[in-house]
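Here the numbering used here is used: position 416 in the sequence shown is 441, and no number is missing along the way.
What follows is a set of notes on a single structure, which appears directly below.
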Amino acid sequence: MRELKSSFDVLVVGSGASGGWAAKRLSEAGLKVAMVEAGRPQSDKNFTEHTPAFELKYRDRAPEVIRKTRYRQKECYACMEYNYDWFCNDLEEPYTTPSDMPFSWEGRMRVTGGRTNVWGRQSYRLGDLDFKAASGDGYGEDWPLSYKDLVPYYDLVEEYVGITGIPEGVYELPDGRFHPPMGLSCAENLLRNRVKEKLGWTITLGRSANLTKPINGRAPCHYCGPCERGCTTHSYFNAAFTTVPDALKTGDCTLISNAMVYKVLMDSDRNRARGLLYIDRVTRQPKEIYGRVVILCAQALESARILFNSANTRYPSGLANSSGALGHYLMDHLWVAGGATGEFPELAEKPALSAPHRPDGIYVVRFRNPHGGPSYPKFLRGYGFQGGGGTTFKWRAPGFGEAYKRGLLDPVTTVHLSGFGECLPRWDNYVELDPNVVDAFGIPALRIHMTFGENEHAMIPDMAESAVQMMEAAGARNIRPFTVPDRVPGKGIHEVGVARMGSDASAQSVPADPRRQEPLRHGRVVLHFERLPESDLDDHGARRAVL
26 MRELKSSFDV LVVGSGASGG WAAKRLSEAG LKVAMVEAGR PQSDKNFTEH TPAFELKYRD
86 RAPEVIRKTR YRQKECYACM EYNYDWFCND LEEPYTTPSD MPFSWEGRMR VTGGRTNVWG
146 RQSYRLGDLD FKAASGDGYG EDWPLSYKDL VPYYDLVEEY VGITGIPEGV YELPDGRFHP
206 PMGLSCAENL LRNRVKEKLG WTITLGRSAN LTKPINGRAP CHYCGPCERG CTTHSYFNAA
266 FTTVPDALKT GDCTLISNAM VYKVLMDSDR NRARGLLYID RVTRQPKEIY GRVVILCAQA
326 LESARILFNS ANTRYPSGLA NSSGALGHYL MDHLWVAGGA TGEFPELAEK PALSAPHRPD
386 GIYVVRFRNP HGGPSYPKFL RGYGFQGGGG TTFKWRAPGF GEAYKRGLLD PVTTVHLSGF
446 GECLPRWDNY VELDPNVVDA FGIPALRIHM TFGENEHAMI PDMAESAVQM MEAAGARNIR
506 PFTVPDRVPG KGIHEVGVAR MGSDASAQSV PADPRRQEPL RHGRVVLHFE RLPESDLDDH
566 GARRAVL
């Protein structure tokens with residue numbers, strides 16, 4: 026067993042949205058920090074946003090190596106020939122599910138910066154509609170904090186990250202500190218204005234972590250399009266070229282790459298964390314590293330896995346699990362489960378107002394069960410929509426052969442809307458260690474149990490119906506609704522829960538006051554989105570940094 030001789034004040038597991046931020050803030054405060062990352066280093070030389078497909082060996086078609094080694098990761102929109110080696114090898118890092126509970130665990134990154142390399146960059150503030158939802162409808166638990174508590178931290182993170190957006194002044198979606206907005210297309214403007222006029226619902230520009238003005242040496246977005254392949258101008262928020270370099274340049278932060286953390290090491294005499302056991306991905310040898318405090322930012326499910334694997338005689342069911350709640354209340358968004366597409370012939374010959382390859386879309390603010398509004402009888406909570414619109418070739422032109430080719434050239438302006446539904450926390454959605462499966466590094470793997478419940482399924486047809494309602498209000502033609510009633514959990518890639526915080530010690534893993542956490546007062550911290558007691562409606566990247 027090799028020991029890293031240096032001892033640190035803080036060990037941060039993970040270098041993504043929350044891990045990078047924790048390392049930055051703590052090292053800037055003068056603490057000695059080790060950032061322990063499962064993946065390899067990341068740099069601009071790995072970014073290929075300007076490389077055309079014809080320069081690739083397989084022309085951006087999935088070669089056999091991707092189909093065999095990333096059979097689950099390739100389901101993620103961002104995993105492709107350009108960057109598949111950023112993602113975990115599914116053969117080396119398996120997980121299991123019951124045969125009747127499929128779960129698609131995608132976006133498992135193995136590179137510095139984690140999911141911030143490929144995330145969708147949508148960055149929305151939670152408000153008290155989210156934090157105090159249980160007080161409104163009686164389901165679940167309120168968060169042990171309020172929007173007012175987080176406002177200073179939202180401000181701090183947004184000013185550093187850079188979020189583009191339009192202030193709307195609606196309770197359901199608190200405004201932030203925005204960069205100038207990117208332009209809406211003619212179709213998006215038309216939909217926004219007519220829906221507001223006829224239905225009273227708010228459609229806004231997506232609040233995206235793409236710069237529209239320079240900050241901290243990062244250039245504004247130049248609208249090339251494929252953000253998931255990296256950005257040499259650092260125009261979107263990626264921990265690999267923002268928080269992590271800021272932490273390293275203090276001289277008080279050390280990045281340890283290719284380190285698969287197995288467990289938290291405990292001092293049995295003093296009942297306090299003393300370090301980490303990890304497996305070197307390259308040599309496959311176990312190593313130990315020591316520190317006074319451990320912060321887990323390894324992604325929600327991975328952090329829960331570490332806590333389970335840290336079981337010992339004092340904590341036989343895992344760390345932070347005296348309540349038995351560890352692993353439970355797993356949630357993911359009900360992703361693109363319903364919506365609609367419509368055409369706007371009146372706009373086909375008009376020029377677009379938005380920039381080419383704008384890395385953003387539109388967002389429809391939640392309108393079911395709004396603040397101060399009537400309760401919707403079909404389900405609790407609600408959903409939002411993401412989407413966009415513009416003028417393209419008429420891919421659905423009638424005919425065949427030459428006739429189809431002629432029809433293809435007729436411009437058509439379309440708008441699409443896809444619903445993102447909130448998932449309710451349920452005890453019977455949970456993760457545990459599979460006693461029969463280990464990964465290639467000898468670490469016990471997770472077994473994931475999750476289904477969408479009655480409340481989520483009730484949203485799906487409503488998503489399609491309300492999307493059609495908006496299209497009709499805007500005067501769309503050839504409206505095509507869709508539903509995906511068998512949507513598999515995990516496809517949203519927004520896993521939360523499993524080590525939730527709360528005020529009731531018998532029902533949570535992390536208390537509202539972290540100083541009271543077992544065994545945090547003895548030297549351990551949980552910091553990540555496994556803490557969320559409730560889901561919400563959208564991407565979590567910037568919010569991870571806030572929390």
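For glycine and all other residues, C-beta sits at the position ideal for the given N, C-alpha and C.
| Asked | Found |
| --- | --- |
| Every unbroken alpha helix (DSSP H) inside the segment 205-266 [4 residues or more] | 211-224 |
| Assumed close pair residue 112, residue 86 - CB separation to whole angstroms, cut-off 8 Å | About 17 Å separates the two Cβ atoms, so there is no contact after all. |
| Close beta carbons around residue 547, own chain, < 6 Å, minus the five adjacent residues each side | The predicted position of residue 547 is uncertain, since its pLDDT is 43 and thus under 50; a value taken from the coordinates is nonetheless stated next. Around residue 547: 296, 297. |
| Segment contact flag, the segment 54-67 with the segment 80-94, C-beta cutoff 8 Å, min 3 pairs | no |
| Nearest candidate by alpha-carbon position, reference residue 507, set 317, 372, 188, 361 | 361 |
| The segment 230-238 in contact with the segment 430-447 per 3-pair CB rule at 8 Å | no |
| Collapsed DSSP secondary structure at residue 547 in the structure displayed | Unreliable positioning characterises residue 547 in this predicted model, as indicated by a pLDDT of 43, which lies under 50. The coordinate reading is nonetheless provided below. Residue 547 falls in the helix class under three-state DSSP. |
| Cβ separation of residue 220 and residue 363, assumed to be a contact under 8 Å, to the nearest whole Å | Residue 220 to residue 363, Cβ: 17 Å. No contact. |
| Residue 33, DSSP secondary structure in three states | strand |
| The segment 47-61 contacting the segment 264-283, beta-carbon criterion three pairs below 8 Å | yes |
| Residue closest to residue 462, alpha-carbon to alpha-carbon, out of 32, 79, 42, 116 | 116 |
| Start-to-end residues for the alpha helix (DSSP H) that takes in residue 177 | 172-186 |
| Residues of its chain near residue 285, where Cβ-Cβ distance is below 7 Å and the 5 sequence neighbours each way are ignored | 63, 303, 304, 306, 466, 468 |
| Residue 503 burial status per 10 Å Cβ neighbour count (16 or more: buried) | exposed |
| Neighbourhood of residue 153 by C-beta, 7 Å cutoff - its chain only, sequence neighbours within 5 removed | 171, 172 |
| Simplified DSSP state of residue 382, which is helix, strand or coil | coil |
| Below-8 Å beta-carbon distance, residue 97 vs any chain C residue | The chain labelled as chain C is not found in the depicted structure, where only one protein chain is given. |
| Option nearest residue 260 by Cα separation, candidates 341, 158, 141 | 141 |
| Short Cβ contact (8 Å threshold) for residue 244 with residue 258 | yes |
| For residue 33 and residue 59, believed in contact at Cβ under 8 Å, the rounded distance | 4 Å |
| With 16 other Cβ atoms within 10 Å as the buried cut-off, status of residue 418 | exposed |
| Minimum length 4: unbroken alpha helix (DSSP H) runs contained in the segment 280-356 | 325-334 |
| Buried versus exposed, by CB contacts within 10 Å (16 or more), residue 333 | buried |
| Within 8 Å, strictly: CB atoms of residue 40 and residue 139 | yes |
| Per-residue DSSP class, three states only, for residue 453 | coil |
| First through last residue of the alpha helix (DSSP H) which encompasses residue 148 | Where residue 148 is concerned, there is no enclosing alpha helix (DSSP H), given that its DSSP letter is neither H nor E. |
| Residue 424 versus residue 156: straight-line alpha-carbon distance, rounded | 53 Å |
| Assigned exposure category for residue 450 - 16 Cβ within 10 Å defines buried | buried |
| Proximal residues to residue 512 (C-beta, below 6 Å), its chain only, five neighbours per side dropped | 362 |
| Selection from 311, 294, 316, 121 that minimises the alpha carbon distance to residue 300 | 316 |
| Expected contact under 8 Å - CB spacing of residue 148 and residue 188 to nearest Å | 5 Å |
| Any beta strand (DSSP E) of 3 or more consecutive residues that is wholly inside the segment 383-416 | 387-389 |
| Unbroken alpha helix (DSSP H) run spanning residue 114, endpoints | From DSSP, residue 114 is part of no alpha helix (DSSP H); its letter is neither H nor E. |
| Within 8 Å, strictly: CB atoms of residue 164 and residue 405 | yes |
| Any 3 or more C-beta pairs closer than 8 Å across the segment 349-358 and the segment 309-324 | no |
| With 16 other Cβ atoms within 10 Å as the buried cut-off, status of residue 428 | exposed |
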